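Per our numbering: the sequence shown = residues 195 to 601. Glycine included, each C-beta is placed from N, C-alpha and C at the ideal position. Here the structure is a predicted model, which means the values were calculated and not measured.
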Amino acid sequence: MSELRKKVAVKDLSFGMYVFELDRPWTETPFPFQGFTLRNEQQLEILRKYCQYVLVDQERSDAVLQPLLGPAAATQSSAGPLPGTRRVAHVERVSVNEELPPARDARTHAETRISEVFETVKAGGALDAASIKSAVTRMSESILRNPDALMLFSALKARGGYFLDRAMNCSIYLITFTRFLGMEQPDIEKAGMVGMSLDVGMLQIPEAILQKPGPLTPEEIRIVRTHVDLGTKKMQESGMAADIVGFAAQHHERADGSGYPKGLRGAELSAVGASAGIIDTFGAMTTKRPYADAISPSNVLGIMHKWKDKVFNGWLIEEFIRCIGVFPVGSVVELNSGEVGVVISQNTIRRLQPRVLVVRDSSGNPVHPHKLLDLSRSPKASADEPYRIRRTLEYGRSGVSAQDLFL
195 MSELRKKVAV KDLSFGMYVF ELDRPWTETP FPFQGFTLRN EQQLEILRKY
245 CQYVLVDQER SDAVLQPLLG PAAATQSSAG PLPGTRRVAH VERVSVNEEL
295 PPARDARTHA ETRISEVFET VKAGGALDAA SIKSAVTRMS ESILRNPDAL
345 MLFSALKARG GYFLDRAMNC SIYLITFTRF LGMEQPDIEK AGMVGMSLDV
395 GMLQIPEAIL QKPGPLTPEE IRIVRTHVDL GTKKMQESGM AADIVGFAAQ
445 HHERADGSGY PKGLRGAELS AVGASAGIID TFGAMTTKRP YADAISPSNV
495 LGIMHKWKDK VFNGWLIEEF IRCIGVFPVG SVVELNSGEV GVVISQNTIR
545 RLQPRVLVVR DSSGNPVHPH KLLDLSRSPK ASADEPYRIR RTLEYGRSGV
595 SAQDLFL
């Protein structure tokens, strides 16, 4: 065994240790992915239930635990909480049902303001930073109360245009993720403004290139990549704070230095900038584009998980998956019964067993009223088999709209 890997009894585990192997197959436990940093009592309780001991990777454990793990850990890796995270323990203040109406109002307000902002920019006008801040503030207030409501409403909402939807969703995900990372409220709002502004430069790229169905030429790729500098220039001219502009400028940089425009790597990226890159990629891959079909959210997460410690910061990828769940809120899922449902809230302990609203029966017919299943309670699909999720479908395949949630 490598000197950087240590066998630790479950009773001796401490928060911050990176568990990379169990004393039994991962598939026999509720953990959806192999390898994680021990962060909370729920994870520890599952380990107590299923394992006697685990193997800890000392190099990937938090730096504060180096003395506990021994001198071999002094080599310290880049994995672990990034600066600015783990400062606040945010808690849900209201239920999803209570927060749905305010979430709808916040999203509607934001969409109206941002639609006007983007039309002005597309016509060659200035970026209205005040309107972006107003939109983001209301959404962040909703997400701080309960993040699932706005994410659910946005996933089911009728499309409002590619760049508008992208901006809204990137902002919502960045607010939700930085909240999960324990950032302070002012930094969470800044992250929301970053998400809303990521594609501002794209509004200045020729439509013929953006809508091209086939591969881009090297020159067209060069033109598309100018959107980062074009966007940051618009943001600077609007009077946005320098750190917000700087974070947005990093959303195509990558941990291994393969990104653009500056080829930054590792610690050169900020937590918000690196998070923006993860969310920008997730959003693009789960959305239909002229040159590629949409991929289901859980499949995208699986792909991105393989890129950890390479393209993206490994700790951030793992935290992102923990944040939104293997089946993100709003995901359309097919159950083993053949029924189709929408994930409406997460189960923070059992990520593979969220709450699902069944909207279509096994023949594809609408279900009225919708049937609510809490998969963690093992409801029965048949006399001898509990409900489970068979697969996820692309966004927009449920046949249920956001309006249905308010009937």
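Integer Cβ distance of residue i from residue j, believed to fall under 8 Å
i    : j    : result
D393 : R360 : 6 Å
A443 : V422 : 6 Å
I337 : I308 : The pair is not a contact, with the Cβ atoms about 16 Å apart (cut-off 8 Å).
G471 : F506 : 7 Å
R287 : S348 : Not confirmed; about 20 Å, so no contact.
L368 : A385 : 4 Å
G278 : A465 : 5 Å
Q237 : R199 : Their Cβ separation, rounded to whole angstroms, is 19 Å, which puts Q237 and R199 out of contact at 8 Å.
S492 : V520 : 6 Å
P522 : V537 : 7 Å
E513 : K502 : Not quite, the Cβ-Cβ distance comes to about 10 Å (not below 8 Å), so this is no contact.
Rounded separation between residue i and residue j - CA only
i    : j    : result
G433 : T475 : 27 Å
Q260 : G274 : Only weak support is given to the placement of Q260: the predicted model assigns it a pLDDT of 40, under 50, and the value that follows is read from those uncertain coordinates. The straight-line gap from Cα to Cα measures roughly 12 Å.
F374 : S525 : 19 Å
G670 : D568 : No information on residue 670 is available, as it lies outside the stretch 195 to 601 that the chain covers here.
A317 : E401 : 13 Å
A267 : L207 : Low local confidence applies: a pLDDT of 36 at A267 is under 50, so the model's placement there is unreliable, with the coordinate-based value given in what follows. Distance between the alpha carbons of A267 and L207: 16 Å.
N291 : V550 : 14 Å
C517 : W509 : 12 Å
L529 : T372 : 31 Å
I417 : P407 : 16 Å
S328 : L404 : 29 Å
V258 : F312 : Unreliable positioning characterises V258 in this predicted model, as indicated by a pLDDT of 38, which lies under 50. A coordinate reading is not provided.
G229 : A324 : 42 Å
H562 : V553 : 7 Å
E431 : P548 : 44 Å
K504 : D450 : 6 Å
R459 : K565 : 47 Å
L495 : V315 : 33 Å
E579 : K500 : 32 Å
N541 : P224 : 11 Å
I415 : G425 : 16 Å
A203 : F214 : 14 Å
V250 : E383 : 36 Å
P295 : L216 : 43 Å
A461 : E235 : 29 Å
I515 : R571 : 23 Å
S289 : S334 : 16 Å
R448 : P560 : 43 Å
P573 : L587 : 22 Å
H445 : A468 : 6 Å
I497 : A478 : 13 Å
I399 : Y356 : 14 Å
F209 : E310 : 47 Å
S365 : M387 : 7 Å
I438 : Q379 : 14 Å
T221 : R545 : 13 Å
L410 : R585 : 32 Å
Residues sharing a beta bridge with residue i, DSSP
i    : result
A319 : The residue asked about is misnamed: residue 319 is Gly in this sequence, not Ala. Looking at the DSSP assignment, G319 forms no beta bridge with any residue, so it has no partner.
R483 : A486
L424 : Answer is none; L424 lacks a bridge partner.
T586 : V527
S289 : Per DSSP, none; premise fails for S289.
F209 : DSSP, once it has assigned bridges, lists no residue as partnering F209.
V536 : V526 and L551
A203 : Y247
K502 : F506
L294 : For L294, which the question treats as bridged, DSSP gives no partner whatsoever.
L216 : V248
Residue j beta carbon less than 8 Å from that of residue i
i    : j    : result
K456 : L321 : no
M396 : V330 : no
S531 : S556 : yes
M377 : V282 : yes
M211 : L241 : no
K201 : Y244 : no
T480 : I489 : yes
Y454 : R483 : no
A304 : R332 : yes
M345 : T370 : yes
E413 : A343 : no
I583 : V534 : no
Problem set entry | Length-filtered (3 minimum) beta strand (DSSP E) runs lying within the region 335-409 | Qualifying beta strand (DSSP E) stretches: none in this window.
Problem set entry | Segments of 3+ residues assigned as beta strand (DSSP E) that fall wholly inside the region 544-582 | Within the region 544-582, the complete beta strand (DSSP E) runs of at least 3 residues fall at 549-554, 560-568 and 574-576.
Problem set entry | Every unbroken beta strand (DSSP E) inside the region 223-252 [3 residues or more] | Fully contained in the region 223-252 are the following beta strand (DSSP E) runs of length 3 or more, in chain order: 247-251.
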